[in-house]
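Visitor:
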Amino acid sequence: MAGIYVHVPFCTAKCAYCDFYSVARPDYADAYVGAVEQEFAARLSELAGETVETLYFGGGTPSLLSPGQFGRLASIFDISGLKEFTIEVNPDDVSPDKVKAWIDAGVDRVSIGVQSLDDGELRTVGRRHDSKQALSAIELLQRSGISNISGDLIYGLPGQTASSFVCSLKRLISSGIRHLSAYSLGYEEGTRLWRWLQEGRVVPADDDLTLEMYKSLCRVAASAGFEHYEISNFALPGFRSLHNSAYWCGTPYLGLGPGAHSLDSCGVRRYVPSDIKSYLKAPCTASVIDDEDETDRANDRIMVSLRTAGGLDLTLFDDGDRAKIKAAALPWLESGDLVESPSGFAIPERSWMLSDAIIRDLLL
Ligand code: SF4
């Protein structure tokens with residue numbers, strides 16, 4: 004099996020914390036759709052005939068595309084064998100005509116960037132929507148027949164308290180979402196938020212507050228019946244993201260559009276440089292092979308899999324690497340922050356906040 008990821012690199016304005024590639028040039032959208040069609044035709048062989056089971060339109064903001072543009076982009080792909088077709092949306096883009104276009108094109112899962120249900124927190128980081136729009140958008144999607152909805156939240160926002168985070172979390176869960184992605188706010192170099200930090204205009208949440216929010220997140224999600232299946236992801240039974248789960252298991256996927264990454268069926272990684280103008284000029288030859296060796300690939304596997312509940316499968320490593328990983332794991336096994344799993348090791352939920360340190364130690 005395989006997946007396809009399409010990076011739609013347009014946003015109306017940049018959110019203060021975001022370092023994903025996007026440009027405020029929706030006037031490029033028509034040319035972009037044509038370019039993706041050409042790129043897909045040129046690169047389909049990278050999947051070596053694997054059945055494509057998941058299609059994921061991320062960004063950027065795929066929901067900025069007009070119904071016509073979205074329909075043309077979706078029509079590039081054969082959706083007959085798909086098990087999941089996801090689109091990432093911003094709440095303020097969700098309108099009846101767009102929802103109809105998404106459904107007509109075969110979308111059956113929507114990931115909505117709620118981030119917070121506190122309007123002050125949303126304004127602070129430059130989100131375009133407010134809490135009312137987010138909840139109305141979820142209701143419109145549900146009324147239109149899309150029940151498989153994932154909501155994104157951020158914890159550790161400037162000015163956010165543990166109680167305001169829990170309030171957002173409970174209201175979002177009450178809206179009837181089936182999947183939740185909750186991320187700790189990062190201060191990525193080059194973002195406005197990072198600049199504010201350098202200028203002393205913003206105070207990051209301290210470790211104790213972040214830990215308190217994380218523990219509340221795990222507790223509230225569990226009491227609502229959500230399974231915590233990846234460090235930042237929770238799902239009601241039967242609603243795990245098939246696309247992301249496949250990615251975490253090392254399943255091949257083809258990434259199209261500027262800023263997209265790929266893994267082909269021979270284990271080779273590629274990326275399309277984050278430059279819309281170059282991409283539009285030569286979409287068929289835009290992708291570049293990642294400069295990584297066997298050790299880099301093994302380390303990628305360690306990093307990604309230890310963030311999942313299933314953990315690391317040691318049978319995928321050769322004898323030498325397996326011995327090194329086992330030796331590095333010993334102190335963490337003794338402390339209980341790493342546990343044995345049927346085929347290797349896993350980090351228990353209570354220790355996921357230590358995952359960066361554990362993974363660093365286990366890297367080859
Ligand atoms: S967070 Fe989403 S909407 Fe905001 S700039 Fe990044 S990709 Fe665009």
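Note that my numbering has the sequence shown beginning at 4, numbered continuously upward. Cβ coordinates follow ideal geometry from the N, Cα and C atoms, glycine included. Being a predicted model, the structure only gives us computed values, none of them experimental.
1) For the candidate residues E49, P345, V36 and S153, whose alpha-carbon lies nearest to that of H246?
2) What's the C-alpha gap between S290 and A44?
3) Relative to the C-alpha of S187, which candidate in L156, E202 and D111 has its C-alpha closest?
4) Tell me which residues share the same chain as S268 and place their Cβ nearer than 8 angstroms to its Cβ, disregarding the 5 neighbours each side in the sequence.
5) Rounded to whole angstroms, what is the Cα-Cα separation between L283 and Y35?
6) Measure the alpha-carbon distance for K109 versus A331 and round it to whole angstroms.
7) Is it buried or exposed, D121, if we count other Cβ atoms within 10 angstroms and call 16 or more buried?
8) Could you give the uninterrupted runs of the beta strand (DSSP E) lying entirely in the stretch 75 to 123, keeping only those of 3 residues or more?
9) Leaving aside the five residues before and after G129 along the sequence, list all residues of the same chain whose C-beta is less than 6 angstroms from its C-beta, in chain order.
10) Relative to the C-alpha of S235, which candidate in V102, G241, M216 and Q136 has its C-alpha closest?
11) G189: beta carbon under 7 angstroms from a heavy atom of the ligand SF4?
12) Given this structure, state the Cα-to-Cα distance separating Q145 from I106, to the nearest angstrom.
13) Can you list, in chain order, every residue whose CB sits closer than 6 angstroms to a heavy atom of the ligand SF4?
14) Looking at the structure shown, is E230 part of a helix, part of a strand, or coil, going by DSSP?
15) Do L58 and F80 have their CB atoms nearer than 8 angstroms?
16) List the residues that DSSP assigns as beta-bridge partners of H246.
17) Less than 8 angstroms separating the beta-carbons of S178 and L138?
18) CB S358 to CB L317, shorter than 8 angstroms?
19) Within 10 Å of its beta-carbon, does I90 have 16 or more other beta-carbons around it, so buried, or fewer, so exposed?
20) So for R204, helix, strand or coil by DSSP?
21) The beta strand (DSSP E) that contains Y35, what's its start and end?
22) I'd like to know if V275 contacts chain D, where contact means its C-beta is closer than 8 angstroms to some C-beta of that chain.
23) What is the DSSP secondary structure of F348, reduced to helix, strand or coil?
24) If I'm right that P29 touches L67 with Cβ under 8 angstroms, what's the distance once you round it to whole angstroms?
25) Give me the Cα-Cα distance between K327 and L333, rounded to the nearest whole angstrom.
26) List the DSSP bridge partners of Y158.
Guide: Reading it off the structure:
1) Within the sequence shown, the letter at position 243 stands for residue 246. Nearest option by C-alpha distance: S153.
2) Counting from one through the sequence shown, the residue named residue 290 turns up at place 287. Counting from one through the sequence shown, the residue named residue 44 turns up at place 41. Looking at the two C-alpha atoms, the distance is approximately 13 angstroms.
3) The sequence position of residue 187 within the sequence shown is 184, counting from 1. With distances taken between Cα atoms, S187 lies closest to L156.
4) Against the sequence shown, residue 268 aligns to sequence position 265. Here the set comprises A5, E49, L50, A51, E53 and P255.
5) The residue labelled residue 283 in the question sits at position 280 within the sequence shown. The residue labelled residue 35 in the question sits at position 32 within the sequence shown. Cα to Cα, the separation comes out at about 6 angstroms.
6) What you label residue 109 is simply residue 106 of the sequence shown in a count that begins at 1. What you label residue 331 is simply residue 328 of the sequence shown in a count that begins at 1. The identity of residue 109 in the sequence shown is Gly, whereas the question assumes Lys. Their backbone Cα atoms lie some 46 angstroms apart in a straight line.
7) Sequence index remark: in the sequence shown, residue 121 carries index 118 (1-based). Looking at its Cβ environment, which holds 16 or more other Cβ atoms inside 10 Å, D121 is buried.
8) 87 to 92 and 112 to 118
9) Locating residue 129 in the sequence shown gives position 126, counting from the first residue. Only C18 and A19 meet the Cβ criterion.
10) The residue you call residue 235 lines up with position 232 of the sequence shown. Nearest neighbour of S235 by Cα position, chosen from V102, G241, M216 and Q136, turns out to be M216.
11) Indexing the sequence shown from 1 puts residue 189 at position 186. G189 has its Cβ no nearer than 7 angstroms to any heavy atom of the ligand SF4.
12) Position 142 of the sequence shown, counted from the first residue, corresponds to residue 145. Position 103 of the sequence shown, counted from the first residue, corresponds to residue 106. Taking the straight line from one Cα to the other gives about 12 angstroms.
13) C14, K17, C18, C21, F23, S25, G62, G63, T64, N93 and G116
14) Along the sequence shown, read from residue 1 onward, the residue named residue 230 stands at position 227. Reduced to three states, the DSSP call for E230 is strand.
15) Within the sequence shown, the letter at position 55 stands for residue 58. Within the sequence shown, the letter at position 77 stands for residue 80. Contact flag set, yes.
16) If you number the sequence shown from 1, residue 246 lands on position 243. Note: H246 sits in no beta bridge, so no partner.
17) For the purposes of this step, residue 178 is taken as the residue at position 175 of the sequence shown. For the purposes of this step, residue 138 is taken as the residue at position 135 of the sequence shown. It is a contact, given that the beta carbons lie within the stated cut-off.
18) Residue numbering aside, residue 358 sits at position 355 when the sequence shown is read from its first letter. Residue numbering aside, residue 317 sits at position 314 when the sequence shown is read from its first letter. Not in contact: S358 and L317 (Cβ atoms no closer than 8 angstroms).
19) For this step, residue 90 is matched to residue 87 along the sequence shown. Classification of I90: buried, given that the 10 Å Cβ count is 16 or more.
20) The sequence position of residue 204 within the sequence shown is 201, counting from 1. R204: coil per DSSP, three-state reduction.
21) Looking up residue 35 in the sequence shown gives position 32. Per DSSP, Y35 belongs to no beta strand (DSSP E); it is in the alpha helix (DSSP H), A32 to R46.
22) This model lacks chain D altogether; it includes just one protein chain.
23) If you number the sequence shown from 1, residue 348 lands on position 345. It is a strand residue.
24) As a working mapping, residue 29 is identified with position 26 in the sequence shown. As a working mapping, residue 67 is identified with position 64 in the sequence shown. 6 angstroms between Cβ atoms; contact.
25) Your numbering for residue 327 matches position 324 in the sequence shown. Your numbering for residue 333 matches position 330 in the sequence shown. Rounded to the nearest whole angstrom, the CA to CA distance from K327 to L333 is 10 angstroms.
26) As a working mapping, residue 158 is identified with position 155 in the sequence shown. The partner list for Y158 (beta bridge, DSSP) reads S187.
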